[in-house]
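**Student:** Take the sequence shown: its letters are residues 1 to 319, numbered as in the UniProt record's numbering. Here a beta-carbon is modelled for each residue, glycine too, at the ideal position from N, C-alpha and C. This is the structure I want to talk about, given as structure tokens.
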Amino acid sequence: MNLVLGRFVTTFNDFAIGAMAPDDYMKEVSRYAFFLVYIHTVLLSLVVIRATSALRMDFLQSFLRQDMTYFDSNYGGSPSIKVTANGNLVTNGISERLSILVQSCSTFVAAFVVAFAVQWKLTLITLGVVPTIVIVTGVCMTIEVKSENVLMSIWSQASLLAEGVFSSITTVHAFWLQPTMARRYEGYLAELECVGKKKSLSYGVLFATQFFCVYAGYGLAFWQGVRMFARGEISDPGQVVTYCMLPHLLPLVLNRFPKLTLLPLRVILAIVLVATSLTQIAPQVITITKAATAADELFRIIDTSSAIDRVDSSDDVSK
1 MNLVLGRFVT TFNDFAIGAM APDDYMKEVS RYAFFLVYIH TVLLSLVVIR
51 ATSALRMDFL QSFLRQDMTY FDSNYGGSPS IKVTANGNLV TNGISERLSI
101 LVQSCSTFVA AFVVAFAVQW KLTLITLGVV PTIVIVTGVC MTIEVKSENV
151 LMSIWSQASL LAEGVFSSIT TVHAFWLQPT MARRYEGYLA ELECVGKKKS
201 LSYGVLFATQ FFCVYAGYGL AFWQGVRMFA RGEISDPGQV VTYCMLPHLL
251 PLVLNRFPKL TLLPLRVILA IVLVATSLTQ IAPQVITITK AATAADELFR
301 IIDTSSAIDR VDSSDDVSK
């Protein structure tokens, strides 16, 4: 990692002092970026596997230490389902999803810093879409957490019912209880469907609002940028339009505005980066929310101390 990063810095220095051609510079940057991304992916996967395995082990140890009164009064659900399903949700939430969320948030902040440095007034105008996205995302994620808790609880009860039926299949068949058990299981599935439909509504509001705000801010930046350029508030049109526009639109823009200066890292480029990062945040937040809900169920049992601990030798049962 240090070797690759050191060569990466050397490549930047060679390009800055003119010792490396632009084509060679791009080839070297692409090669080292590939190495860094690969190392990041492998190391993150190893960390996630170790963390999830430790979480499952702690859950099983704490689960086996509980006394019978806990299972009679508090516990509901199948431990095997909690270990497998909840563990998989935690793995999905803290693997590449978490890294994408961090990258998107970093891109979001960095893009606005660049935009403010280039043209603060135009950036401040387009900044109005951000509070709307933050508020809607917060409200929808609150609903998502509550719905996911209900879903996990119902799904655990349904799994426990199925596990109990299959473990005593001879008794169920002897008393001809298959239709009764099937109706109970279908009742759980109906509850899951009802809660899932409510979640779909929050998803629709979240993504619709997010994409509307993103593209509305994109259009507002173009419209206001042209007006400011016409009034003379912006002397350099490169502050509004950049070279990173879509390739099939670029010739049309050049024919319409032959004197247009195309400069990199300007306001629209920053807005495009902000829009891209915002569209990446919501899906990752949903997955991470599910992982947090699943981990909460596991930690709830891990943090529960038993009155009679069969493993802890310091326990005095006579007390």
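If we call anything under 8 Å between Cβ atoms a contact, is residue 156 one with residue 195?
**Tutor:** Not a contact, by the Cβ cut-off of 8 Å.
**Student:** Between which two residues does the alpha helix (DSSP H) holding residue 136 run?
**Tutor:** From DSSP, the alpha helix (DSSP H) with residue 136 extends over 129-167.
**Student:** So what does DSSP say about residue 225, is it helix, strand or coil?
**Tutor:** Correct three-state label for residue 225: helix.
**Student:** When you compare each of 41, 50, 203, 21 to residue 145 by their alpha carbons, which one comes out closest?
**Tutor:** Per the Cα distances, 203.
**Student:** Excluding five sequence neighbours on each side, which residues of the same chain lie with their C-beta closer than 7 Å to the C-beta of residue 140?
**Tutor:** Correct list, in chain order: 202, 205, 206.
**Student:** According to DSSP, is residue 119 part of a helix, a strand, or is it coil?
**Tutor:** DSSP places residue 119 in coil when its eight states are reduced to three.
**Student:** By Cβ distance, which residues of its chain are closer than 6 Å to residue 295, with the 5 residues on each side in sequence left out?
**Tutor:** These residues qualify, in order along the chain: 90.
**Student:** Please classify residue 256: does DSSP put it in a helix, a strand, or coil?
**Tutor:** Reliability fails at residue 256, whose pLDDT of 49 lies under 50, so the model's placement of it is uncertain and no value is given.
**Student:** Out of curiosity, what's the CA-to-CA distance linking residue 257 and residue 117?
**Tutor:** At residue 257, the pLDDT of 47 sits below 50, so the modelled position is not reliable and the matter cannot be decided from this model.
**Student:** Give the secondary structure of residue 301 by DSSP, where H, G and I count as helix, E and B as strand, and everything else as coil.
**Tutor:** It is helical.
**Student:** Would you mind stating whether residue 288 and residue 98 have Cβ atoms separated by less than 8 Å?
**Tutor:** Against a cut-off of 8 Å, the Cβ pair of residue 98 and residue 288 comes out as a contact.
**Student:** What's the gap between the Cα of residue 67 and the Cα of residue 107?
**Tutor:** Straight-line Cα distance between these residues: approximately 50 Å.
**Student:** Taking buried to mean at least 16 other C-beta atoms within 10 Å of its own C-beta, is residue 71 buried or exposed?
**Tutor:** Exposed: under 16 other Cβ atoms inside 10 Å.
**Student:** Thinking residue 281 and residue 105 are a contact (beta carbons under 8 Å), I'd like their distance in whole angstroms, please.
**Tutor:** The pair is a contact, with the Cβ atoms about 7 Å apart (cut-off 8 Å).
**Student:** With distances taken from CA atoms, which of 63, 216, 33, 88 is nearest residue 48?
**Tutor:** Checking every option, the nearest Cα to that of residue 48 belongs to 88.
**Student:** Near residue 321, what residues of its chain come up, given a Cβ to Cβ distance below 7 Å and the 5 sequence neighbours on each side ignored?
**Tutor:** The chain is shown only over 1 to 319; residue 321 falls outside these bounds and no answer can be derived.
**Student:** Can you tell me whether DSSP reads residue 232 as helix, strand or coil?
**Tutor:** Reduced to three states, the DSSP call for residue 232 is coil.
**Student:** In whole angstroms, what is the alpha-carbon distance linking residue 131 and residue 161?
**Tutor:** Those two C-alpha atoms are separated by around 45 Å.
**Student:** Going by C-alpha to C-alpha distance, which of 222, 181, 138, 101 sits closest to residue 277?
**Tutor:** The shortest Cα separation from residue 277 among 222, 181, 138, 101 belongs to 101.
**Student:** What residue range is occupied by the uninterrupted alpha helix (DSSP H) comprising residue 177?
**Tutor:** Where residue 177 is concerned, there is no enclosing alpha helix (DSSP H), given that its DSSP letter is neither H nor E.
**Student:** Apart from the five residues just before and just after residue 181, which ones in its own chain have a Cβ nearer than 8 Å to its Cβ?
**Tutor:** Excluding sequence neighbours, residue 181 sits near 161, 165, 172.
**Student:** Starting from the Cα of residue 189, find the closest Cα among 211, 222, 151 and give me that residue.
**Tutor:** Of the candidates 211, 222, 151, the one whose C-alpha sits nearest the C-alpha of residue 189 is 151.
**Student:** From this set, 121, 22, 80, which residue's C-alpha is nearest residue 56's C-alpha?
**Tutor:** For residue 56, the nearest C-alpha among the options comes from 80.
**Student:** For residue 19, count neighbouring C-beta atoms within 10 Å of its own C-beta (all shown protein chains included) and say buried if the count is 16 or more, exposed if not.
**Tutor:** So residue 19 ends up on the exposed side.
**Student:** Just how far apart, CA to CA, sit residue 33 and residue 112?
**Tutor:** Taking the straight line from one Cα to the other gives about 24 Å.
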